[in-house]
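Under our numbering, the residues of the sequence shown are numbered 7 to 581, in order.
Think of the CB as a built atom: it goes at the ideal place given N, C-alpha and C, for glycine as much as any other residue.
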Amino acid sequence: MSVFVRFPAAILILLFSTCVLAESQLRVRVSPSNSDLKKNIEGHIGSLGERDAEDLQRFRRVAEAQALKAAQALGYYHPQISSEVSSGKTTRLTVNVEPGEPIRLRNVSIRLEGPASELKRFRIPDEPELKPGAQLNHGTYEAAKRDILNQASRFGFFSGSYTRQRFVIDPDAGVADIELVYNSGPRYQLGDVSFSGDAPFDESLLQRMVPFKPDTPYDAALINELYQALRSSGYFETVQVDANPTVADAQRIPIQVQLQARKPRSMGLGLGFSTDVGPRGRANWTRHYANPQGHSYGAELELSAPRQNVGLWYDIPLDPPLTDKLRIAGGYQAEDLADTDSKSRLLTVGPEWHSQLESGWQRVLSLKLLHEEYYLGDDSGLSTLLMPGVSYSYLQSDNKIDPNYGYRLQFSLSGAAEGVLSDSNVVHGNVQLKGLTTLFERHRLLGRVEVGGTESDGFGNVPPSLRFFAGGDQSVRGYDYQSLSPENRKGDKIGGRYLVAASAEYQYSLTDTWRLAGFYDAGNSFNSLDLPSLKSAVGFGVRWVSPLGPLRLDLAHPLDDEGGIRFHFSMGPEL
Numbered sequence: 007m008s009v010f011v012r013f014p015a016a017i018l019i020l021l022f023s024t025c026v027l028a029e030s031q032l033r034v035r036v037s038p039s040n041s042d043l044k045k046n047i048e049g050h051i052g053s054l055g056e057r058d059a060e061d062l063q064r065f066r067r068v069a070e071a072q073a074l075k076a077a078q079a080l081g082y083y084h085p086q087i088s089s090e091v092s093s094g095k096t097t098r099l100t101v102n103v104e105p106g107e108p109i110r111l112r113n114v115s116i117r118l119e120g121p122a123s124e125l126k127r128f129r130i131p132d133e134p135e136l137k138p139g140a141q142l143n144h145g146t147y148e149a150a151k152r153d154i155l156n157q158a159s160r161f162g163f164f165s166g167s168y169t170r171q172r173f174v175i176d177p178d179a180g181v182a183d184i185e186l187v188y189n190s191g192p193r194y195q196l197g198d199v200s201f202s203g204d205a206p207f208d209e210s211l212l213q214r215m216v217p218f219k220p221d222t223p224y225d226a227a228l229i230n231e232l233y234q235a236l237r238s239s240g241y242f243e244t245v246q247v248d249a250n251p252t253v254a255d256a257q258r259i260p261i262q263v264q265l266q267a268r269k270p271r272s273m274g275l276g277l278g279f280s281t282d283v284g285p286r287g288r289a290n291w292t293r294h295y296a297n298p299q300g301h302s303y304g305a306e307l308e309l310s311a312p313r314q315n316v317g318l319w320y321d322i323p324l325d326p327p328l329t330d331k332l333r334i335a336g337g338y339q340a341e342d343l344a345d346t347d348s349k350s351r352l353l354t355v356g357p358e359w360h361s362q363l364e365s366g367w368q369r370v371l372s373l374k375l376l377h378e379e380y381y382l383g384d385d386s387g388l389s390t391l392l393m394p395g396v397s398y399s400y401l402q403s404d405n406k407i408d409p410n411y412g413y414r415l416q417f418s419l420s421g422a423a424e425g426v427l428s429d430s431n432v433v434h435g436n437v438q439l440k441g442l443t444t445l446f447e448r449h450r451l452l453g454r455v456e457v458g459g460t461e462s463d464g465f466g467n468v469p470p471s472l473r474f475f476a477g478g479d480q481s482v483r484g485y486d487y488q489s490l491s492p493e494n495r496k497g498d499k500i501g502g503r504y505l506v507a508a509s510a511e512y513q514y515s516l517t518d519t520w521r522l523a524g525f526y527d528a529g530n531s532f533n534s535l536d537l538p539s540l541k542s543a544v545g546f547g548v549r550w551v552s553p554l555g556p557l558r559l560d561l562a563h564p565l566d567d568e569g570g571i572r573f574h575f576s577m578g579p580e581l
């Protein structure tokens with residue numbers, strides 16, 4: 007009995023195509039083993055495609071020729087190359103290579119002539135692969151030529167050229183000589199910067215954003231710095247910078263900038279949660295430019311169960327406008343403190359002068375008028391203080407959102423004098439230090455220290471905003487928010503004169519976005535510097551690196567007080 011099975015035509019075609027489309031395989035054998043040479047030969051020969059054994063026999067000589075070129079590119083000018091074709095389930099071409107002794111460099115001379123030779127930043131290629139005795143590598147020679155041309159383009163030597171390119175190979179002697187001489191010609195200069203497009207700003211404001219003066223020697227890094235400065239100003243939707251040396255006049259390149267202003271207003275809404283304040287909502291409204299001088303203003307609002315605040319600000323750009331500004335700010339904050347019966351109502355207003363120093367430090371000089379009504383245990387009253395202050399901050403980090411290395415330093419000091427629009431003498435200072443390092447890619451160490459102090463001629467007159475509390479997500483985990491504080495005779499937490507808090511944390515990266523953490527926290531607020539009693543806690547947690555920064559989930563247990571495990575949740579950059 008015969009059985010016939012009908013296959014759909016599409017299936018038959020697919021089966022037939024699968025057999026026909028089987029790709030031939032290439033095998034390269036190098037003896038002695040040389041992975042670089044093997045990889046280079048494979049790259050030169052490339053894919054064999056869908057050749058059968060007969061096609062591969064014809065292709066053998068081509069493959070051997072390509073293998074020879076690949077070997078010579080790496081300095082092997084006397085290789086023994088053979089090939090063979092095998093067929094079976096898979097058709098294969100095998101190329102056998104014995105490279106032999108490589109060509110060695112004998113004389114190497116690479117020189118700069120012209121003004122470029124006097125520029126220290128113009129680096130003559132000096133790799134070990136270009137030293138006498140090194141193995142010849144055509145790629146290294148070509149890379150050296152490109153390196154010189156790239157540097158010439160970066161530093162503005164647009165009319166330079168090679169006056170000598172001598173590359174002599176003596177295969178019989180096994181040596182090669184290299185001589186490269188580049189004459190840079192004159193260095194071009196940066197000319198005037200002109201602005202066009204949709205940019206409703208004074209020319210003087212735009213010119214103050216230019217990071218170089220006319221007739222500065224050309225440097226492509228300065229062009230990029232100009233572009234980044236305009237983009238980071240917050241004024242523009244698009245920025246195009248054109249510095250074309252072909253239109254230079256007497257080696258002076260005009261800079262043309264095309265600008266399109268962003269929409270003048272924006273608004274943001276957000277929801278968040280932390281165990282310090284619970285659920286919270288935030289909103290902000292910004293007018294990015296209010297006049298041709300680039301002034302801006304805005305409002306911010308934050309609402310949570312224990313704290314509600316609203317702030318207003320007005321910014322005036324100074325010189326340079328990207329880093330220096332005069333801010334006039336004011337705000338109102340209502341906060342329920344550590345105890346439900348403790349409250350603060352704070353109104354602040356005053357100017358701030360923001361500037362960036364040449365060292366990279368951010369400095370803020372301020373003059374704040376604080377008017378605070380408070381109920382804090384037995385201490386209650388109405389405080390008015392005019393407080394000049396100064397703060398410095400410095401951030402060094404390899405990534406602003408999720409760094410692997412870096413540190414942050416912050417120092418602040420402010421004070422008030424009785425009789426100068428103030429009802430008491432107060433000096434308030436705070437220091438915060440944070441550091442992060444990563445070892446062997448997966449092991450992260452994070453440290454944090456905070457120290458603060460307030461001096462006055464009557465601590466009962468110091469308002470809560472200038473007192474210190476410890477405990478919570480950003481302080482000593484394992485304790486409630488603001489729960490570490492001196493108490494009055496009724497047990498009310500009234501805040502302390504001084505604060506010390508420190509943390510040491512180890513993180514292990516499971517993946518690029520998930521980490522495990524273990525930590526030890528210690529700290530407290532207190533009224534006397536004589537042997538202060540610090541509270542400590544240990545715990546572990548999980549970190550998830552979101553696009554907005556790490557989300558932190560921690561479980562912490564206090565070591566110095568009775569209590570169970572406390573849950574902490576927070577988010578934001580580590581530094």
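#1: If we ignore side chains and look at the alpha-carbon of each, how far apart do Gly-49 and Leu-125 end up?
#2: Beta-carbon within less than 7 angstroms of Asp-479's beta-carbon, same chain only, minus the 5 sequence neighbours each way: which residues are those?
#3: Mapping DSSP to helix, strand and coil, what is Val-263?
#4: Return the chain-ordered list of same chain residues with a C-beta closer than 7 angstroms to the C-beta of Ser-88, the five sequence neighbours on each side being excluded.
#5: In whole angstroms, what separates the C-alpha of Asn-113 from that of Phe-65?
#6: Excluding five sequence neighbours on each side, which residues of the same chain lie with their C-beta closer than 8 angstroms to the C-beta of Leu-27?
#7: Counting only runs of 3+ residues fully inside the region 495 to 557, write out the beta strand (DSSP E) ranges in chain order.
#8: In chain order, what residues of the same chain have a beta carbon less than 7 angstroms from the beta carbon of Gly-203, not counting five sequence neighbours either side?
#9: Tell me which residues share the same chain as Ile-47 and place their Cβ nearer than 6 angstroms to its Cβ, disregarding the 5 neighbours each side in the sequence.
#10: Residues in the same chain with beta-carbon distance under 7 angstroms from Pro-223, minus the five sequence neighbours each way, listed in chain order, please.
#11: For the alpha helix (DSSP H) containing Ala-122, name the first residue and the last one.
#12: Buried or exposed: which applies to His-434, given that a residue is buried once 16 or more other Cβ atoms fall within 10 Å of its Cβ?
#13: Taking 9 angstroms as the threshold (C-beta atoms), are Leu-557 and Arg-549 in contact?
#14: Starting from the Cα of Ala-179, find the closest Cα among Pro-108, Leu-275, Ile-116 and give me that residue.
#15: If you check the beta carbons only, do Ser-41 and Arg-98 fall under 9 angstroms apart?
#16: Taking only the alpha-carbon atoms, compute the straight-line gap between Ala-79 and Gln-246 and give it to the nearest angstrom.
#17: Just to confirm the assignment, what range does the alpha helix (DSSP H) spanning Tyr-400 have?
#18: With DSSP run on the structure shown, which of helix, strand or coil describes Ile-130?
#19: Per DSSP, what are the beta-bridge partners of Tyr-168 in this structure?
#20: If the criterion is Cβ atoms closer than 9 angstroms, does the pair Gln-262 and Ala-249 meet it?
#21: Work out the CA separation of Asp-330 and Leu-401 for me, nearest whole Å.
#22: Let me know if Gly-570 comes out buried or exposed under the rule of 16 or more other beta-carbons within 10 Å of its beta-carbon.
#23: Going by alpha carbons, who is nearest to Ile-154 out of Arg-129, Pro-326, Trp-319?
#24: Do Leu-318 and Tyr-303 have their C-beta atoms within less than 9 angstroms of each other?
#25: Indicate the three-state DSSP secondary structure (helix, strand or coil) for Glu-379 in the structure shown.
#26: Taking the DSSP output, what are the residues bridged to Phe-279?
#27: Measure the alpha-carbon distance for Pro-206 versus Pro-298 and round it to whole angstroms.
#28: Using CA coordinates, which residue listed in Asn-494, Tyr-320, Pro-326, Glu-447 is at the minimum distance from Glu-364?
#29: From Pro-492 to Phe-465, what does the alpha carbon distance come to, in whole angstroms?
#30: Between the Cα of Asn-533 and those of Glu-461, Asp-486, Gln-488, spot the shortest distance and give me the residue it belongs to.
#31: Between the alpha carbons of Ala-423 and Leu-232, how many angstroms are there, rounded?
#32: Determine whether the beta carbon atoms of Val-452 and Gln-513 lie at a separation below 9 angstroms.
#33: With C-beta atoms as the reference, is Asn-467 less than 9 angstroms away from Gly-387?
#34: Sort Arg-313, Val-544, Ala-340, Glu-568 by Cα distance to Pro-285 and report the nearest one.
#35: Kindly confirm or deny that the region 141 to 150 and the region 210 to 219 touch, where touching means at least three C-beta pairs closer than 8 angstroms.
#36: Is it true that the CB of Ser-403 sits closer than 9 angstroms to the CB of Leu-581?
Taking the coordinates as given:
#1: 39 angstroms
#2: Ser-280, Thr-281, Asp-282, His-574, Ser-576
#3: strand
#4: Asn-102
#5: 39 angstroms
#6: Residue placement at Leu-27 is flagged as unreliable, the pLDDT there being 48, under the threshold of 50; a coordinate-derived value is accordingly withheld.
#7: 504 to 515, 520 to 532, 541 to 552
#8: Gln-264, Leu-265, Gln-266
#9: Val-34, Ala-73, Ala-76
#10: Gly-162, Arg-193, Gln-195
#11: Counting along the chain, Ala-122 falls outside any alpha helix (DSSP H), and DSSP gives it neither H nor E.
#12: buried
#13: yes
#14: Pro-108
#15: no
#16: 41 angstroms
#17: Here Tyr-400 belongs to no alpha helix (DSSP H); instead the beta strand (DSSP E) covers 385 to 403.
#18: coil
#19: Tyr-188
#20: yes
#21: 17 angstroms
#22: exposed
#23: Arg-129
#24: yes
#25: strand
#26: Pro-285
#27: 6 angstroms
#28: Pro-326
#29: 12 angstroms
#30: Glu-461
#31: 45 angstroms
#32: It should be noted that the sequence gives Leu, not Val, for residue 452. Yes; because the gap between Cβ atoms is below 9 angstroms, this pair is in contact.
#33: yes
#34: Arg-313
#35: no
#36: yes
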